[in-house]
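Q:
Number of protein chains: 4
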Amino acid sequence: MCLPFFIVKPNYKSNMKVKLINYTPNPIETAFIAARTCYSGDGPEKLWELSVAEDENKIPDEKMHSLLDNVIASGHHSVLEHINFTFAIEEISRACSHQLVRHRIANFSQQSQRYVAVKRDAFVVPDTIKSNPDAKIIFDELIDNAKKTYDKLVDIGIPKEDARFVIPNAAKTNIVMTMNFREIYNVCQIRLCTRAQWEIRELFWKVKAELSKIDELKGLADYLQPKCVILGYCPENRSCGMYPTREEVLGNDS
Amino acid sequence: MCLPFFIVKPNYKSNMKVKLINYTPNPIETAFIAARTCYSGDGPEKLWELSVAEDENKIPDEKMHSLLDNVIASGHHSVLEHINFTFAIEEISRACSHQLVRHRIANFSQQSQRYVAVKRDAFVVPDTIKSNPDAKIIFDELIDNAKKTYDKLVDIGIPKEDARFVIPNAAKTNIVMTMNFREIYNVCQIRLCTRAQWEIRELFWKVKAELSKIDELKGLADYLQPKCVILGYCPENRSCGMYPTREEVLGNDS
Amino acid sequence: MCLPFFIVKPNYKSNMKVKLINYTPNPIETAFIAARTCYSGDGPEKLWELSVAEDENKIPDEKMHSLLDNVIASGHHSVLEHINFTFAIEEISRACSHQLVRHRIANFSQQSQRYVAVKRDAFVVPDTIKSNPDAKIIFDELIDNAKKTYDKLVDIGIPKEDARFVIPNAAKTNIVMTMNFREIYNVCQIRLCTRAQWEIRELFWKVKAELSKIDELKGLADYLQPKCVILGYCPENRSCGMYPTREEVLGNDS
Amino acid sequence: MCLPFFIVKPNYKSNMKVKLINYTPNPIETAFIAARTCYSGDGPEKLWELSVAEDENKIPDEKMHSLLDNVIASGHHSVLEHINFTFAIEEISRACSHQLVRHRIANFSQQSQRYVAVKRDAFVVPDTIKSNPDAKIIFDELIDNAKKTYDKLVDIGIPKEDARFVIPNAAKTNIVMTMNFREIYNVCQIRLCTRAQWEIRELFWKVKAELSKIDELKGLADYLQPKCVILGYCPENRSCGMYPTREEVLGNDS
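Residue numbers (my numbering), protein chains in the order written: chain L, 1 to 254; chain S, 255 to 508; chain D, 509 to 762; chain F, 763 to 1016.
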């Protein structure tokens, strides 16, 4: 399958950091031997040795990559679950993290507002507010106010876990996220869509950008696309314009 | 197993509503025939007919209930997954809902702050603040302020999904939650613990209270207990005092 | 979305029984109020009361059904997880059950070969063997042989859990399966495909047939289709002929 | 927590191979920074840098390991999900693999009997049969018979996916399994129990043995124990004798 890679990177609007800190070594080899084990008389230990060999017996990279291309194109994605990625995600809003943790096939460890005191500058400002001077003034006032109220509540003995009830959604949070490649592929279909909330969309663009930097993945990151690119049409009622709808492409009767 | 049911109900501190609106009919029969299928030459269809029969062939309720008692006591809990419960949960804070949706073996449908405008009175007040006049005054001021700022931001054209960045954690939210009995049993062990945050603890006390009202469950709700009651000791480093620690009960070497 | 319902029922080839024994009452209402809760200022308890009301306040069935049509067409499937179905599945082969339990978002309780003795006639005969007299003779001989060997091993004191090592894949097994509608929808895309193994394909045709009988579902079962019908093209390398491939429909570059 | 490590290794009874081929690099550091992120004002990227630093700023190994000891003892296990292990598992019976894949929080890629022809010697012999000459003779005859019948069926044109219906449970299979440390910890509690079927018990002893060889894990594998060791008592109705029951330890009323 040859996907069009014209999807342009959005203008990043926040200071969030998404840093890949750890991942399954030899990712292509791992998914390859999982796929081969299903259809081979050879055991996975031997397949593994051949895939990571450093002599002339090594299974050529092109062969492994080509099998994975085929696996992804034809939808047999379970072998992609063997490849895991761990990200350090910093300075996203609690509005965004609340959405993020709804993805259930992933592991999250999140900074606790019950135990960690909120800092003065730890708030995300949406771009629509940053670029609107009137909005920015009242936004800053409220945030400042909230922070002062939080500090006062803690000062007069309210536990942090209750004082945080005044903290706005804009509050920044940190998360460690481990997600396998199959789930990243599925989540990107939803969250790279132009209809996704801007912050979580930015988050998964950065996830994709991090994966794109890994030479060992040999272009696997290119498959991370909004669902319209994967499907060949937009499945929503109304398209954002990037792709025609299902009906426009396939007609009414299919 | 005979569990001590002296665990006292906490004083409910909020106005949250937890209403069981739907559940698997014939819950005991469903779990019973699942358990019997594992060890019987009879098929589940026949077992089902016998368990719901209305004549003298009916498997006696006591027999079904006694098998489930044994299943729960000995830890073979997978048959409890066949029983599902759907709850209408209203007026919990977004602080609480953010914790709640971390439980991954459950289905949630939550009110969206991207689409639903925030109402004036839709905020949870923690009891420590409600009962402290100084705290209550500055809390109310901030909440009022946040609501006014939100309204102004929407008025000057900021999209709701961005205006909500000023909305505090105290904002109320609604959720529909479906969870199976095995997972409710597991989650109660964690969330009924006195160390759990008060709001989610209250939520699962109300979950338990709702299940206690169902005659058909024949006392299955009694098994919903904090982990110390299940284990016979507190596994935390320091106990809240209700139960001795593992070390105190079992000694250092086991 | 208007799906073509011309997919013909396969000729059932076995005696497997798939019987829906239990399901979430008011399934349409349950999914509807879950979907409405996301976008409504009203709480789910009130929405539930309106959806199941028996007076003029009742939300019309057409309105609920039409919302769910839209939900399914546009891919926002999480609300379908609140509807659960429990099936009594009998007389499938252990070859089939081994495939079936690979679906991880479901609950299974399966007859144990460690504890339940294998019966004389408890074997599935594939159609290709049934319809080939030469094959049938040697198949029957082997099965008969296996059964006799099993009995002898048990007689001379081998535990059932080890004697069963001689039992062929054809051995029948029983399973109780609970699966939610979202997962049934996903699994049908894979298992109703003509490339799926005939036995598990038959199993999910019968799952679909059972759901089709429920008036309360108001046609929701019509959405259970192989992936080509859902997508509008076959995503495999080679199509079975029912649908053209992705490339044939959309061209090479998309 | 100081667990008694007197649990003796069972006599391995089969030729199964369980080989750890891949795992999350820096496993202790990964779980540590996940745990620290929850309670720290520092972001996970900085914590990661400090945990893997090679100068005097490095967080000492003892500190990381001691935090994880505490995490495991007190039951806060979610941070252990960030550490993944991939195993090449060879020559287990299909009886064993059918049990294995019931664990749903793991990723499996298994050799297909639909596509891979069964080899002559590819059968597991249970020890109770191997050590009983009478049993061994009739077992071998049946297996030989089954293999011959399979070959004949394939010869006369029966598809492999149907011919395999005569293949006994003893048939060997290969699987690639990725499982995170939290789930390995949970599964070992069940499968290392003396009541578990011998083959899957052996499998998880070998899983534990593989993890014990990794210096980087710094003894984390010692925590992999049957549930009696973890709990301090046997939760089953009757104990195998290694540990007293719950009632014997805690009395009837708790």
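Cβ atoms here follow ideal geometry from the backbone N, Cα and C, with glycine treated the same way. All values reported here derive from a predicted model rather than from experimental measurement.
Classify Met-572 of chain D as helix, strand or coil using the three-state DSSP reduction.
A: Here the question's residue 572 of chain D lines up with position 64 in the third sequence. In the structure shown, Met-572 of chain D sits in a helix (DSSP, three-state: H, G or I).
Q: Let me know the secondary structure DSSP gives Met-524 of chain D once reduced to three states.
A: If you number the third sequence from 1, residue 524 of chain D lands on position 16. Residue state, collapsed to three classes: coil.
Q: Determine the DSSP secondary structure at Ser-347 of chain S, reduced to helix, strand or coil.
A: The count along the second sequence starts at 1 and reaches residue 347 of chain S at position 93. Ser-347 of chain S falls in the strand class under three-state DSSP.
Q: Can you name, in chain order, every residue of its own chain whose Cβ lies under 6 Å from the Cβ of Pro-552 of chain D, other than the five neighbours on each side?
A: For the purposes of this step, residue 552 of chain D is identified with residue 44 of the third sequence, where counting begins at 1. Closer than 6 Å at Cβ, skipping near neighbours: Ile-541, Thr-545.
Q: For the region 468 to 487 of chain S and the region 381 to 390 of chain S, state whether three or more C-beta atom pairs, one from each stretch, are separated by less than 8 Å.
A: No, the region 468 to 487 of chain S does not touch the region 381 to 390 of chain S.
Q: Secondary structure at Thr-702 of chain D, three-state DSSP: helix, strand or coil?
A: Position 194 of the third sequence holds residue 702 of chain D. It is coil, neither helix nor strand.
Q: Any idea which residues DSSP pairs Ala-850 of chain F with across the strands?
A: Position 88 of the fourth sequence, counted from the start, is the residue given in the question as residue 850 of chain F. DSSP, once it has assigned bridges, lists F:Lys-781, F:Val-938 as partnering Ala-850 of chain F.
Q: Run the CB neighbour count on Ala-117 of chain L, radius 10 Å, all protein chains shown included, and call it buried at 16 or more, exposed below.
A: Mapped onto the first sequence, residue 117 of chain L falls at position 117. Counting Cβ neighbours within 10 Å, Ala-117 of chain L comes out exposed, since fewer than 16 surround it.
Q: Using a Cβ-Cβ cut-off of 8 Å, state whether Asn-777 of chain F counts as contacting chain L.
A: Residue numbering aside, residue 777 of chain F sits at position 15 when the fourth sequence is read from its first letter. Answer no: the Cβ-Cβ gap between Asn-777 of chain F and chain L never drops below 8 Å.
Q: Please report the straight-line C-alpha distance between Ser-855 of chain F and Gln-110 of chain L, rounded to a whole angstrom.
A: In the fourth sequence, counting from the first residue as 1, residue 855 of chain F sits at position 93. In the first sequence, counting from the first residue as 1, residue 110 of chain L sits at position 110. Those two C-alpha atoms are separated by around 41 Å.
Q: Skipping 5 residues on each side, what residues in its chain have a beta carbon closer than 7 Å to that of Glu-202 of chain L?
A: Reading the first sequence from its first residue, position 202 is the one you call residue 202 of chain L. The residues are Pro-10, Tyr-12, Lys-13, Ser-14, Met-16.
Q: Chain L partners of Arg-754 of chain D, CB-CB under 7 Å?
A: Against the third sequence, residue 754 of chain D aligns to sequence position 246. Within chain L, the residues near Arg-754 of chain D are Gly-232.
Q: Got a sec: is the Cβ-Cβ distance from Glu-216 of chain L to anything in chain D below 8 Å?
A: In the first sequence, counting from the first residue as 1, residue 216 of chain L sits at position 216. No, Glu-216 of chain L does not count as interfacial toward chain D.
Q: Of all Cβ atoms in chain S, is any one closer than 8 Å to the Cβ of Tyr-623 of chain D?
A: As a working note, residue 623 of chain D is residue 115 in the third sequence. Yes, Tyr-623 of chain D counts as interfacial toward chain S.
Q: Which chain L residues sit within Cβ distance under 8 Å of Leu-396 of chain S?
A: To locate residue 396 of chain S, count along the second sequence from 1; it is residue 142. Within chain L, the residues near Leu-396 of chain S are Asn-145, Ala-146, Thr-149, Val-166.
Q: With distances taken from CA atoms, which of S:Ile-337, S:Asn-338, S:Pro-387, S:Ile-412 is nearest Lys-136 of chain L?
A: In the first sequence, counting from the first residue as 1, residue 136 of chain L sits at position 136. Checked all of S:Ile-337, S:Asn-338, S:Pro-387, S:Ile-412; the closest Cα to Lys-136 of chain L is S:Ile-412.
Q: Is the beta carbon of Thr-940 of chain F less than 8 Å from the beta carbon of Glu-81 of chain L?
A: Mapped onto the fourth sequence, residue 940 of chain F falls at position 178. Mapped onto the first sequence, residue 81 of chain L falls at position 81. Cβ atoms of Thr-940 of chain F and Glu-81 of chain L: closer than 8 Å.
Q: Would His-573 of chain D and Lys-716 of chain D qualify as a contact pair, given that the criterion is a beta-carbon distance under 8 Å?
A: Translated into the one-based positions of the third sequence, residue 573 of chain D becomes position 65. Translated into the one-based positions of the third sequence, residue 716 of chain D becomes position 208. Not a contact, by the Cβ cut-off of 8 Å.
Q: Nearest CA to the CA of Asp-924 of chain F: which residue from D:Ile-708, D:Glu-537, D:Arg-610?
A: Translated into positions along the fourth sequence, residue 924 of chain F becomes position 162. Nearest C-alpha to Asp-924 of chain F: D:Ile-708.
Q: Quick check on the burial criterion: 16 or more other C-beta atoms within 10 angstroms. Buried or exposed for Cys-2 of chain L?
A: Your numbering for residue 2 of chain L matches position 2 in the first sequence. For Cys-2 of chain L, the predicted model reports a pLDDT of 39, less than 50, meaning its position is unreliable and no value from the coordinates is stated.
Q: Helix, strand or coil for Thr-149 of chain L per DSSP?
A: What you label residue 149 of chain L is simply residue 149 of the first sequence in a count that begins at 1. Note: Thr-149 of chain L maps to helix in three-state DSSP.
Q: Does Cys-696 of chain D come out as helix, strand or coil in the three-state DSSP assignment?
A: Counting from one through the third sequence, the residue named residue 696 of chain D turns up at place 188. Here Cys-696 of chain D sits in helix by DSSP.
Q: Flag this pair as yes or no: are the beta carbons of Leu-50 of chain L and Ser-40 of chain L separated by less than 8 Å?
A: Taking the first residue of the first sequence as position 1, residue 50 of chain L is located at position 50. Taking the first residue of the first sequence as position 1, residue 40 of chain L is located at position 40. For Leu-50 of chain L and Ser-40 of chain L, no; Cβs fall outside 8 Å.
Q: Distance cutoff 8 Å, beta carbons only. Does Gly-727 of chain D sit that close to anything in chain L?
A: Taking the first residue of the third sequence as position 1, residue 727 of chain D is located at position 219. No, Gly-727 of chain D lies away from the interface with chain L (no Cβ there is under 8 Å from its Cβ).
Q: If you measure from the beta carbon of Gly-471 of chain D to each beta carbon in chain L, is any gap under 8 Å?
A: Only positions 509 to 762 of chain D appear in this structure, which leaves residue 471 of chain D out of reach.
Q: Would you mind telling me which residues of chain S sit closer than 7 Å to Val-684 of chain D, beta carbon to beta carbon, in chain order?
A: For this step, residue 684 of chain D is matched to residue 176 along the third sequence. What Val-684 of chain D touches in chain S: Ile-287, Ala-288, Thr-291, Pro-298, His-336.
Q: Count the other C-beta atoms from every protein chain shown that fall within 10 angstroms of the C-beta of Arg-628 of chain D, then say buried if there are 16 or more, exposed otherwise.
A: In the third sequence, residue 628 of chain D corresponds to position 120, counting from 1. Arg-628 of chain D comes out exposed.
Q: Using only alpha-carbon positions, find the residue among L:Lys-147, L:Ile-28, L:Ile-230 that is nearest to Asp-215 of chain L.
A: Against the first sequence, residue 215 of chain L aligns to sequence position 215. For the residues L:Lys-147, L:Ile-28, L:Ile-230, the minimum Cα distance to Asp-215 of chain L belongs to L:Ile-28.
Q: Output the boundary residues of the beta strand (DSSP E) element that contains Leu-871 of chain F.
A: Along the fourth sequence, read from residue 1 onward, the residue named residue 871 of chain F stands at position 109. It should be pointed out that residue 871 of chain F corresponds to Ser in this sequence rather than to Leu. That run of the beta strand (DSSP E) goes 869 to 872.
Q: Going by Cα to Cα distance, which pick from L:Ala-35, L:Val-176, L:Leu-142 is closest to Ser-840 of chain F?
A: For the purposes of this step, residue 840 of chain F is taken as residue 78 along the fourth sequence, with counting starting at 1. Closest option to Ser-840 of chain F, Cα to Cα, is L:Val-176.
Q: Give me the Cα-Cα distance between Ile-392 of chain S and Thr-149 of chain L, rounded to the nearest whole angstrom.
A: Counting from 1 along the second sequence, the entry for residue 392 of chain S is found at position 138. Counting from 1 along the first sequence, the entry for residue 149 of chain L is found at position 149. So the alpha carbons of these two residues sit roughly 7 Å apart.
Q: Would Lys-881 of chain F count as contacting chain L if we go by Cβ distances under 8 Å?
A: Reading the fourth sequence from its first residue, position 119 is the one you call residue 881 of chain F. Chain L, which has a Cβ nearer than 8 Å to the Cβ of Lys-881 of chain F, makes this yes.
Q: With burial defined as no fewer than 16 other Cβ atoms inside 10 Å of the residue's Cβ, what is the status of Asn-324 of chain S: buried or exposed?
A: As a first step, residue 324 of chain S is located in the second sequence; it is residue number 70 there, counting from the start. Asn-324 of chain S is exposed by the Cβ-count criterion.
Q: Just to confirm before moving on: does the CB-CB distance between Cys-228 of chain L and Phe-204 of chain L stay below 8 Å?
A: Taking the first sequence and counting its residues from 1, the one referred to as residue 228 of chain L is at position 228. Taking the first sequence and counting its residues from 1, the one referred to as residue 204 of chain L is at position 204. Not in contact: Cys-228 of chain L and Phe-204 of chain L (Cβ atoms no closer than 8 Å).
Q: Put Pro-641 of chain D into one of helix, strand or coil per three-state DSSP.
A: Taking the third sequence and counting its residues from 1, the one referred to as residue 641 of chain D is at position 133. DSSP places Pro-641 of chain D in helix when its eight states are reduced to three.
Q: Counting only beta-carbon separations shorter than 8 Å, does Lys-273 of chain S have a partner in chain D?
A: Position 19 of the second sequence, counted from the first residue, corresponds to residue 273 of chain S. Chain D contact via Cβ: present.
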